[in-house]
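Quick notes on the structure that follows.
2 protein chains.
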Amino acid sequence: MAVANYMNKVGQAARASSRDLARADTRLKNAALERIAEAVLECKTAILAANKADMDRERESRLDSALLDRLEITEARFADMIDGVRQVAGLADPIGEIYELIYRPSGIQLGKMRVPLGVVGIIYESRPNVTLDAASLCLKSGNACILRGGKEAIESNQAISSAIKVGLKRSGMSESCVQVIETTDREVVGKMITMPQYVDVIVPRGGRGLIERISGEARVPVIKHLDGNCHVYIDSDCDLEMALSIALNAKTHRYGVCNAMETLLVADSVAKNALPKLAKLYAEAGVELRGCSATRKIISAKEAVEADWSTEYLGPILAIRIVEDVAEAIDHINTYGSGHTESIVTNDYSRARQFLREVDSSSVMVNASTRFADGFEYGLGAEIGISTDKFHARGPVGLEGLTSQKWIVLGDGQIRS
Amino acid sequence: MAVANYMNKVGQAARASSRDLARADTRLKNAALERIAEAVLECKTAILAANKADMDRERESRLDSALLDRLEITEARFADMIDGVRQVAGLADPIGEIYELIYRPSGIQLGKMRVPLGVVGIIYESRPNVTLDAASLCLKSGNACILRGGKEAIESNQAISSAIKVGLKRSGMSESCVQVIETTDREVVGKMITMPQYVDVIVPRGGRGLIERISGEARVPVIKHLDGNCHVYIDSDCDLEMALSIALNAKTHRYGVCNAMETLLVADSVAKNALPKLAKLYAEAGVELRGCSATRKIISAKEAVEADWSTEYLGPILAIRIVEDVAEAIDHINTYGSGHTESIVTNDYSRARQFLREVDSSSVMVNASTRFADGFEYGLGAEIGISTDKFHARGPVGLEGLTSQKWIVLGDGQIRS
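Take a look at the structure:
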């Protein structure tokens with residue numbers, strides 16, 4: 001009951017603030033972002049101390065180095081956090097934009113106006129920088145937000161939250177525009193995803209378990225991000241140097257990211273030429289190869305089993321399959337892929353068009369590395385997440401994904417006859 | 001179990017067809033629509049006979065005249081159905097449209113391509129014309145659809161379904177692009193809204209009970225339409241003749257529709273002048289008035305109670321409230337309205353802007369009747385529904401509301417550094 005009461009209070013405050021935020025003009029929102037950046041900078045010592053407390057506690061209790069890495073606010077990450085807020089301030093304000101304004105035969109002028117969604121709930125794990133990123137994006141897009149970080153980052157998040165409140169207050173905005181949940185009670189999540197009267201959308205950021213649990217239980221729309229099982233297809237008609245460069249970059253630029261390539265598809269006619277060169281590059285990078293039987297006739301690789309085609313390795317492992325042509329590549333991708341990001345390397349005009357049209361993924365590329373699929377590269381500023389859904393928002397979600405629209409009608413007294 | 005097996009088969013077939021439909025070009029889809037229109041026309045006798053069977057059965061068992069009216073396919077309605085299909089064929093194909101294609105600093109060219117959602121499930125009640133409207137809109141937007149009509153229209157819907165199948169077959173498309181559920185078993189709905197592997201979105205069309213049940217139980221996104229509690233606000237600075245004309249039209253043009261005005265708000269300073277004239281017009285039209293205490297000092301009206309402000313009468317009743325100014329009108333609307341459609345009658349530039357910006361409804365109008373809020377008037381062709389949600393689609397939902405997008409990236413070998 002205590003959690004339910006607390007969450008109801010949080011929800012009511014968020015809903016009330018969302019009304020003010022929807023009306024806030026660009027100048028006010030940008031000023032608030034600048035005040036927040038200043039306040040976070042002023043609170044640097046306190047934030048880093050809180051982060052050290054989180055790190056010390058987690059290091060003792062778990063010794064999970066990947067988690068500790070995500071949790072740590074280094075000097076460089078602190079500077080990036082501040083930069084992130086200012087970048088969001090610099091983005092165009094999407095709210096109030098009127099577009100597609102046309103005259104209809106009745107004489108009315110019809111258009112659309114972009115509006116905030118209302119209240120955004122974000123549930124995330126160890127990275128404390130998400131607190132500031134998410135707060136900035138929600139504020140700029142006119143949404144109130146409720147942020148529920150991981151218990152491992154509770155001290156860091158509360159310290160950042162205090163600084164955000166100072167910034168909001170200095171700019172004359174309500175402190176409940178951004179509310180960071182103060183308790184680590186697990187019941188919070190269950191309540192947060194089932195109060196549609198107060199929360200308009202939930203963005204879960206974290207492991208598959210978290211996201212599947214939330215999607216299954218939510219009574220509120222969810223912008224969710226599941227696997228990133230990305231593909232590069234090397235077409236028969238391509239620039240081989242370009243193909244090698246993209247295939248290497250997509251796999252090895254960073255391993256633990258959702259837009260890294262996990263399966264490489266190669267057209268049969270170029271396999272004999274391309275694969276040995278690729279195998280050498282991957283060997284130098286320390287990438288383990290798992291190939292289909294045709295691949296293993298050309299290069300040395302472990303045998304790929306059915307499960308490999310569906311696996312997001314998030315590490316230095318790559319599955320390789322030889323396919324007949326672009327149609328078979330598209331079929332493989334639409335069957336085994338997770339709908340995240342795929343790229344074709346080709347010089348053939350028609351096949352490029354076919355790949356773009358027929359691959360059913362949130363990002364489809366020609367002659368570019370899958371690693372480009374993120375909010376910064378797409379110019380969205382910090383991203384609130386990458387949606388693998390098709391409903392409402394798809395792919396990297398920035399400010400626009402946190403908005404809705406309304407129809408507007410301008411008339412001179414028109415009535416229906 | 002029988003229903004579950006049947007629905008799984010339907011779902012699998014829909015998913016398979018949706019892949020072909022996503023690839024279908026505009027010419028093929030338009031040809032299929034024309035073949036469907038022809039086949040429905042050829043089957044006119046059978047469809048009208050089936051409809052007569054539905055009418056006869058319902059007339060005997062229920063004698064609900066509103067239901068019988070919705071159920072009946074008159075000659076005029078039959079002609080409208082055919083016209084509707086051809087109008088959809090005439091609409092621009094949204095699928096494959098590439099927009100916002102820009103160069104990013106990295107040299108990649110980034111844009112968006114419009115794509116179908118996949119499989120659309122529509123659950124509706126007595127109007128059999130929805131079967132053809134919905135099938136046309138889904139087909140044109142590249143989506144497979146599963147249509148579950150009311151049991152009162154089962155014969156009519158099956159007859160229309162047979163004709164659609166003939167049309168699909170003649171155009172060389174799979175018959176499972178459009179599947180009309182053949183059983184009236186109520187379990188169908190429960191199954192249909194909980195198979196996200198086969199259905200991408202559910203559109204319920206019907207009474208509040210149906211929609212609330214579906215929203216509560218669905219495991220699939222829902223485009224839902226709840227109440228239409230619409231408002232007209234007559235501002236202090238307005239053209240009185242225009243105000244009278246709009247207020248009369250918005251209430252009396254049709255009573256049983258969601259975009260009819262249910263509450264009239266009048267600025268205090270014009271109430272003494274406007275209300276007696278309005279009262280006379282409404283009396284001639286047979287509209288019952290329910291007023292706030294200030295209203296009842298000027299004209300004769302029943303006393304409006306708190307519940308009146310939230311009620312969608314769908315009939316010749318109107319609530320009237322006198323407000324101080326535009327801010328109070330906006331506040332009333334955002335408090336009691338259902339977020340459907342609201343209109344201000346004003347000559348004041350700033351108040352028009354304020355109303356457009358601050359009213360949180362799917363359609364917000366200046367100097368026009370609320371009755372314009374529909375798919376035909378907005379140029380969307382037949383509408384699949386009017387969404388009172390903010391997520392994904394809002395207001396009248398036509399072809400575009402049945403689409404998603406993907407990001408596309410065109411490069412010359414760019415990699416991330």
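Protein sequence lines correspond, in order, to chains V and E.
Take our numbering: the final residue in the first sequence is number 417, and no numbers are missing along the way.
Take our numbering: the final residue in the second sequence is number 417, and no numbers are missing along the way.
Cβ coordinates follow ideal geometry from the N, Cα and C atoms, glycine included.
ask   = Tyr378(V) touches chain E at which residues, Cβ-Cβ below 8 Å?
value = For this step, residue 378(V) is matched to residue 378 along the first sequence. Going along chain E in sequence order, the residues near Tyr378(V) (Cβ under 8 Å) are Arg104, Leu110, Trp407.
Checklist line | Every unbroken beta strand (DSSP E) within the region 193–229 of chain E, with a cutoff of 3 residues, ordered by chain | finding: Counting only runs of 3 or more, we get 201–205.
- Query: Measuring CA to CA, which of Glu175(V), Cys258(V), Thr295(V), Ser361(V) is closest to Thr311(V)?
  - Reply: Reading the first sequence from its first residue, position 311 is the one you call residue 311(V). The residue from Glu175(V), Cys258(V), Thr295(V), Ser361(V) with its alpha-carbon nearest to that of Thr311(V) is Cys258(V).
Report task. Could you tell me which residues DSSP pairs with His340(V) in its beta bridges? Result -> Along the first sequence, one-based indexing puts residue 340(V) at 340. DSSP lists no partner for His340(V).
Among the candidates Phe376(E), Arg416(E), Gln414(E), whose CA atom is the shortest distance from the CA of Val397(E)?
Residue numbering aside, residue 397(E) sits at position 397 when the second sequence is read from its first letter. Among Phe376(E), Arg416(E), Gln414(E), the Cα nearest to that of Val397(E) is on Phe376(E).
Residues of chain V with CB closer than 8 Å to the CB of Asn367(E), please, in chain order. Counted from its first residue, the second sequence places residue 367(E) at position 367. Result: Leu410, Gly411, Asp412, Gly413, Gln414.
ask   = Under a three-way DSSP split, which group does Arg321(V) fall into?
value = On the first sequence, position 321 is the one that residue 321(V) refers to. Arg321(V) falls in the strand class under three-state DSSP.
_Member of Arg219(V), Leu139(V), Ser106(V) whose CA lies at the smallest distance from the CA of Pro94(V)_ = For the purposes of this step, residue 94(V) is taken as the residue at position 94 of the first sequence. Checked all of Arg219(V), Leu139(V), Ser106(V); the closest Cα to Pro94(V) is Leu139(V).
Relative to the C-alpha of Ile214(V), which candidate in Gln158(V), Ile123(V), Asp237(V) has its C-alpha closest?
Counting from 1 along the first sequence, the entry for residue 214(V) is found at position 214. Comparing alpha carbon positions, the residue from Gln158(V), Ile123(V), Asp237(V) closest to Ile214(V) is Ile123(V).
Any chain B beta carbon closer than 8 Å to Asp325(E):
Absent from the structure: chain B. Protein chains present are V and E.
Q. So Leu244(V) and Leu281(V) are in contact, right, with Cβ under 8 Å, and what is the actual spacing, rounded?
A. By one-based count along the first sequence, residue 244(V) stands at place 244. By one-based count along the first sequence, residue 281(V) stands at place 281. The C-beta distance from Leu244(V) to Leu281(V) rounds to 6 Å, short enough to fall under 8 Å.
Val85(E) - DSSP class collapsed to helix/strand/coil: Position 85 of the second sequence, counted from the start, is the residue given in the question as residue 85(E). Val85(E): helix per DSSP, three-state reduction.
Could you compute how far the alpha carbon of Gly401(E) sits from the alpha carbon of Leu137(E)?
Numbered from 1 along the second sequence, position 401 holds the residue referred to as residue 401(E). Numbered from 1 along the second sequence, position 137 holds the residue referred to as residue 137(E). Pairing Gly401(E) with Leu137(E), the inter-Cα distance amounts to about 10 Å.
Q: For Gly142(V), decide whether its Cβ has a neighbour in chain E, counting only Cβ atoms nearer than 8 Å.
A: Counting from 1 along the first sequence, the entry for residue 142(V) is found at position 142. Not an interface residue.
Report task. Give me the Cβ distance between Ser363(V) and Gly395(V), rounded to the nearest whole Å; I'm assuming they're in contact under 8 Å. Result -> As a working mapping, residue 363(V) is identified with position 363 in the first sequence. As a working mapping, residue 395(V) is identified with position 395 in the first sequence. Their Cβ separation, rounded to whole angstroms, is 5 Å, which keeps Ser363(V) and Gly395(V) in contact under 8 Å.
Check for me: the alpha helix (DSSP H) holding Pro276(V) runs from which residue to which? Within the first sequence, numbered from 1, the residue matching residue 276(V) stands at position 276. Run containing Pro276(V): 268–285, per the alpha helix (DSSP H) assignment.
Assess, as a yes-or-no matter, whether the region 337–352 of chain E is touched by the region 234–248 of chain E under the definition of 3 or more beta carbon pairs within less than 8 Å.
By the criterion of at least three beta-carbon pairs nearer than 8 Å, the region 234–248 of chain E is in contact with the region 337–352 of chain E.
_Please give me, in chain order, every unbroken run of the alpha helix (DSSP H) with length at least 4 that falls completely inside the region 121–171 of chain V._
Within the region 121–171 of chain V, the complete alpha helix (DSSP H) runs of at least 4 residues are 129–140, 154–170.
So is Ser174(V) in contact with chain E if we call contact Cβ pairs under 8 Å? Position 174 of the first sequence, counted from the start, is the residue given in the question as residue 174(V). Chain E contact via Cβ: absent.
message = Strictly below 7 Å CB to CB, what residues from chain V border Ile160(E)?
response = Here residue 160(E) corresponds to residue number 160 of the second sequence, with the count starting at 1. Under the 7 Å cutoff, chain V gives no residues; its nearest Cβ is about 28 Å from Ile160(E).
Which residues, in chain order, does the region 240–263 of chain V contribute to contact with chain E at a C-beta distance below 7 Å?
Legend: CB atoms of the region 240–263 of chain V lying less than 7 Å from CB atoms of chain E belong to residues Met242, Ser245, Ile246, Asn249, His253.
| field | Contacts of Pro94(E) in chain V (Cβ-Cβ under 8 Å) | value | By one-based count along the second sequence, residue 94(E) stands at place 94. Within chain V, no residue has its CB atom less than 8 Å from the CB of Pro94(E), the nearest being about 13 Å off.
_Local conformation of Asn367(V) per DSSP, three classes_ = Within the first sequence, numbered from 1, the residue matching residue 367(V) stands at position 367. In the structure shown, Asn367(V) sits in a strand (DSSP, three-state: E or B).
- Task: For Ala134(V), collect the residues of the same chain with a Cβ closer than 7 Å to its Cβ; drop the 5 residues on either side in sequence, then sort them by chain order.
- Result: Within the first sequence, numbered from 1, the residue matching residue 134(V) stands at position 134. So the list reads Ile122, Cys145, Leu147, Ile384, once near-sequence residues are dropped.
Along chain V, in chain order, which residues have C-beta atoms closer than 9 Å to that of Met113(E)?
To locate residue 113(E), count along the second sequence from 1; it is residue 113. Against Met113(E), the close residues of chain V are Leu356, Arg357, Val364, in the order they occur along the chain (beta-carbon pairs closer than 9 Å).
Hey, out of Leu67(E), Met7(E), Ile82(E), Ala250(E), whose CA is closest to Thr183(E)'s CA? Residue mapping note: residue 183(E) aligns to position 183 of the second sequence, counting from 1. Residue nearest to Thr183(E) within the set Leu67(E), Met7(E), Ile82(E), Ala250(E) is Met7(E) (criterion: CA-CA distance).
Below 8 Å on C-beta distance, what does Arg394(V) contact in chain E? Along the first sequence, one-based indexing puts residue 394(V) at 394. Neighbours of Arg394(V) on chain E, chain order: Ser404, Gln405, Lys406, Trp407.
TODO: Note the first and the last residue of the continuous alpha helix (DSSP H) segment covering Lys422(E).
DONE: There is no way to answer for residue 422(E), as the model of chain E reaches only from 1 to 417.
task: State the Cα-Cα distance for the pair Gly291(V) and Val266(V), rounded to the nearest angstrom.
output: The residue you call residue 291(V) lines up with position 291 of the first sequence. The residue you call residue 266(V) lines up with position 266 of the first sequence. For Gly291(V) and Val266(V), the gap between their C-alpha atoms comes out near 11 Å.
Whose CA, out of Phe355(E), Glu58(E), Leu226(E), lies closest to the CA of Asp389(E)? For the purposes of this step, residue 389(E) is taken as the residue at position 389 of the second sequence. The residue with the shortest Cα to Cα distance from Asp389(E) is Leu226(E).
### Query
Count the other CB atoms within 10 Å of the CB of Arg353(V); is the residue buried (16 or more) or exposed (fewer)?
The residue given as residue 353(V) occupies position 353 in the first sequence. That one is exposed.
Can you find the residues in the same chain that come closer than 6 Å, C-beta to C-beta, to Gly256(E), ignoring five residues on each side of it along the sequence? Numbered from 1 along the second sequence, position 256 holds the residue referred to as residue 256(E). The residues are Leu314.
Does Ala338(E) get closer than 8 Å to chain V when you measure Cβ to Cβ? To locate residue 338(E), count along the second sequence from 1; it is residue 338. Residue 338(E) is actually Ser in this sequence, not Ala. Taking Cβ atoms only, chain V never reaches closer than 8 Å to Ser338(E), which makes this a no.
Practice item. Just tell me which of Ala294(E), Val199(E), Ser300(E) has its CA closest to the CA of Ala283(E). Key: Working through the second sequence from its first residue, we reach residue 283(E) at position 283. Closest option to Ala283(E), Cα to Cα, is Ser300(E).
| Are the beta-carbon atoms of Pro204(E) and Lys224(E) separated by less than 8 Å? | If you number the second sequence from 1, residue 204(E) lands on position 204. If you number the second sequence from 1, residue 224(E) lands on position 224. Yes, they are a contact pair.
Just to confirm my understanding: we take Glu175(V), look at its own chain, exclude 5 residues before and 5 after, and list those with CB closer than 7 Å. What are they? The residue given as residue 175(V) occupies position 175 in the first sequence. Result list for Glu175(V): Lys165, Leu168, Lys169, in chain order.
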